[in-house]
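Below: one structure, written as C-alpha cells.
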Amino acid sequence: MADSKASLSIDGNVIADLPILKGSAGNDVIDIRTLGSAGYFTYDPGFLATASCESAITFIDGDKGVLQHRGYPIDSLAKQADYLEVCYILLNGDAPTKAQYDEFTNTITNHTMVHEKLVHFFHGFLPDAHPMAMLCGVVGALSSFYHSDLDIHEADQRMRSAHRLIAKMPTIAAMAYKYSIGQPFVYPSNELTYAENFLHMLFSVPAEKYVVSPTVARAMDRIFTLHADHEQNASTSTVRLAGSSGANPYACIAAGVASLWGPAHGGANEACLTMLEEIGSLDRVDEFVAKAKDKADPFRLMGFGHRVYKNFDPRATVMRETCHEVLSELGIKDPLLDVAMALEKVALEDPYFIEKKLYPNVDFYSGIILKAIGIPTNMFTVIFAMSRTVGWIAHWDEMLGQPGQKIGRPRQKYTGEIDRKFIPLSDR
Ligand code: SDX
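Going by the numbering used here, the first residue of the sequence shown is number 3, and it counts up by one from there.
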C-alpha cells in the first residue's frame, strides 16, 4: 500500500513516479519495480540499500543495536527461552503455549535420525575434509531422500521439511565431526534436550558413558539462539534466491551452508579464533591493529564490523556475558580471552574503529566459548550453520507462502564489448 511517492527526474524531466511503501518498523522503501519500463535499472552491488523482499520474521535496527524475532527482543529470547522455542517462534510467528511447545519438541525429537544410507556419503570424503565441505555435501544429498513426493506449495509439507532440517542438522553436523576425528558416529538419544543431544553426538564414545555438563548445554543452546536468524544476510538471501526457482528445500539449505562458509560471513568465527591464535599474546595486539588499519594490508580483524550494525551487535553483548559465565563456571583461564578483551578495548577506543563503527560482532565471542566447550575451530561455522537452518527455512517458507512469489532475477550494468564482428578461426 503506497503512502506517498517519489518522483524521479532526469535533466528536469520526470521519468517515473515511484510509490513509497511503509513497513511496520524501519526504513520506508521506494518501489522501483516500474523503473525498467522507463528504461533504467537501479545499481546497488552488495545490496547496501536494497530491500529484496517483504518479511515479518526478523527486524534489525543497526543504529540502535536492535534485533527482534517476530517482535521479541533477542536478549529476552536468549535469557528466557530455549532454542526450540525460538525455532517455533520463527516458524509460526508467536510464542508457543506449553502444549504447542511440547508437541513441537516431540516432533523435532522424532526426526533426529537420518536414513542409514546417508552414512555412506561421508565415506567419500578425505579424512582431512573440512566439516563445512561435508555439511554442504551431505545436506545437499538429503534432497535425494525427500524429493519425489514433496510439494513445496503445500504449507504442511513445507513445515515438515522445516522440522526434518532442524532435527537432522545436529545429527549430520556431529557426524561430520566424528568422521573428521575417526570416531564412530553416535546416534541421537530421545531422552536428551536439543543441545544435550548435540553434545552427546559430538563427544560420547561407545567405550564410556558421557555426562553432559548443564553449563555447557546451556551455553550451547544460547549460541544456537543467538545465531538463529538475522534478516536478509548473505546466506539467507542465497536460500531465498535458490528457493525462488522452486528448487528442493534441502538443496536450498545446502546453498545457504555454502554461502555462510565465507570468512566475511559465518566463517568469521573460525577466522576470528585463528586470528587470536596468530596474535598469540597481548604484546602483539598493537602490531595486528596497525595491520587492520593499513589500507595496503588486506588483513582485517575478524569478528569486527558489520554491514548493518553501525553501533553494537546486541548478540555480541549477550555472547560476551555468556563467554565470561562459561569460562568462570568451567574454571578456564584462556589467554586468548585476554587477547580478545585487549582487541575489544581497542575497537571501543581507537578513533579508526570508532569512525568506521567497527564493533565486535556475534562471531567475536562465540569462538572463545566454543573453544572453551572443547569444540575444534573447524567446527565453529558448522555450529553457526546448524543454528541458522531455522532462519533459512523460515524465510524459504515465508517466501513460498507469499502470493505472486516470483523467481529472483537481478539485472546488471553491462560494461563489456558490443556488436563485434566474429572472424572464423580459419581466418584469424
Ligand atoms: C556475520 O549480514 C549479517 O547479518 C551477517 C551476520 C548474520 O548473523 O548473518 O551478522 C553474521 O557475517 C557477521 C560478520 C562476520 N564477518 C567478520 O567479522 C569479518 C570481518 N568484517 C568484515 O569483513 C566487514 O566488516 C563485514 C563484511 C562484516 C562488513 O563489510 P561491509 O559492510 O561491506 O563494510 P566494508 O567492507 O565496506 O568496510 C567499511 C570500512 C572499510 O574501510 P574503508 O574502505 O571505508 O576505508 O571498514 C573497514 C573497511 O576496510 N573494515 C574493517 C573491518 N571491517 C570493515 N577494517 C578492519 N577490520 C575489519 N574487520
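All C-beta atoms, glycine included, are put in the ideal place defined by N, C-alpha and C.
If you draw a straight line from the C-alpha of residue i to the C-alpha of residue j, how long is it?
| i | j | result |
| --- | --- | --- |
| residue 38 | residue 12 | 15 Å |
| residue 372 | residue 312 | 26 Å |
| residue 298 | residue 284 | 24 Å |
| residue 131 | residue 204 | 17 Å |
| residue 391 | residue 253 | 12 Å |
| residue 344 | residue 290 | 12 Å |
| residue 184 | residue 33 | 54 Å |
| residue 19 | residue 196 | 51 Å |
| residue 17 | residue 36 | 10 Å |
| residue 2 | residue 394 | Because the chain spans 3 through 430 in this model, residue 2 falls outside it and cannot be assessed. |
| residue 73 | residue 129 | 44 Å |
| residue 97 | residue 227 | 14 Å |
| residue 249 | residue 120 | 20 Å |
| residue 151 | residue 213 | 40 Å |
| residue 300 | residue 268 | 19 Å |
| residue 328 | residue 320 | 12 Å |
| residue 95 | residue 88 | 10 Å |
| residue 309 | residue 347 | 21 Å |
| residue 359 | residue 263 | 24 Å |
| residue 107 | residue 306 | 35 Å |
| residue 104 | residue 186 | 31 Å |
| residue 419 | residue 9 | 33 Å |
| residue 238 | residue 117 | 26 Å |
| residue 1 | residue 430 | Given a span of 3 to 430 for the chain in the structure shown, any question on residue 1 remains unanswerable. |
| residue 28 | residue 363 | 21 Å |
| residue 336 | residue 220 | 20 Å |
Under 6 Å: does the beta carbon of residue i sit that close to some heavy atom of the ligand FAD?
| i | result |
| --- | --- |
| residue 365 | Ligands in the displayed structure: the ligand SDX; the ligand FAD is not one of them. |
Give the DSSP-derived three-state secondary structure of residue i in the structure shown.
| i | result |
| --- | --- |
| residue 60 | strand |
| residue 212 | coil |
| residue 69 | strand |
| residue 182 | helix |
| residue 16 | strand |
| residue 362 | strand |
| residue 187 | coil |
| residue 293 | helix |
| residue 51 | coil |
| residue 344 | helix |
| residue 147 | coil |
| residue 74 | strand |
| residue 378 | coil |
| residue 314 | coil |
| residue 124 | helix |
| residue 23 | strand |
| residue 283 | coil |
| residue 206 | coil |
| residue 116 | coil |
| residue 303 | coil |
| residue 239 | helix |
| residue 8 | strand |
| residue 1 | This structure cannot settle anything about residue 1, because the visible part of the chain is limited to 3 through 430. |
| residue 94 | helix |
Please return the same chain residues whose Cβ sits closer than 7 Å to the Cβ of residue i, not counting the five positions on each side in sequence.
| i | result |
| --- | --- |
| residue 409 | 246 and 247 |
| residue 190 | 114, 115, 173, 199 and 203 |
| residue 7 | 19, 20, 21 and 22 |
| residue 65 | 312 and 313 |
| residue 332 | 217 and 374 |
| residue 236 | 261 and 267 |
Could you check how far apart the C-beta atoms of residue i and residue j are, in whole angstroms? I think they sit under 8 Å.
| i | j | result |
| --- | --- | --- |
| residue 443 | residue 86 | This structure leaves residue 443 out entirely; the chain is present only between 3 and 430. |
| residue 175 | residue 137 | 6 Å |
| residue 366 | residue 318 | 6 Å |
| residue 375 | residue 222 | 7 Å |
| residue 231 | residue 92 | 6 Å |
| residue 342 | residue 361 | Contact flag wrong, Cβ pair sits at about 13 Å. |
| residue 140 | residue 124 | 7 Å |
| residue 338 | residue 280 | The pair is not a contact, with the Cβ atoms about 11 Å apart (cut-off 8 Å). |
Apart from the five residues just before and just after residue i, which ones in its own chain have a Cβ nearer than 8 Å to its Cβ?
| i | result |
| --- | --- |
| residue 242 | 54, 55, 234, 397, 398, 401 and 410 |
| residue 431 | With the chain covering only 3 through 430, there is no way to say anything about residue 431. |
| residue 225 | 321, 324, 368, 371, 372, 385 and 389 |
| residue 90 | 97, 98, 102, 103 and 106 |
| residue 71 | 59, 60, 79, 88, 91, 92, 230 and 231 |
When you compare the CB of residue i with every CB in chain B, is at least one pair closer than 7 Å?
| i | result |
| --- | --- |
| residue 74 | Absent from the structure is chain B; it holds one protein chain and no more. |
For residue i, which residues in the same chain have their Cβ closer than 6 Å to its Cβ, ignoring the five residues on either side in sequence?
| i | result |
| --- | --- |
| residue 382 | 271, 272, 369 and 372 |
| residue 303 | 294 |
| residue 31 | 23 and 53 |
| residue 240 | 257, 258 and 261 |
| residue 180 | 187 |
Exercise. Using 8 Å as the threshold, is the region 140-150 in touch with the region 345-361, meaning 3 or more CB pairs across them?
Worked result: no
For this session: Could you say if the region 254-263 and the region 379-397 meet the contact criterion of at least three C-beta pairs nearer than 8 Å?
Result: yes
Exercise. Using 8 Å as the Cβ pair cut-off and three pairs as the minimum, do the region 153-160 and the region 262-276 touch?
Worked result: The answer is no - the region 262-276 does not touch the region 153-160, with fewer than three Cβ pairs under 8 Å.
Problem set entry | Sufficient close CB pairs (3 or more, under 8 Å) joining the region 39-52 to the region 74-93 | no
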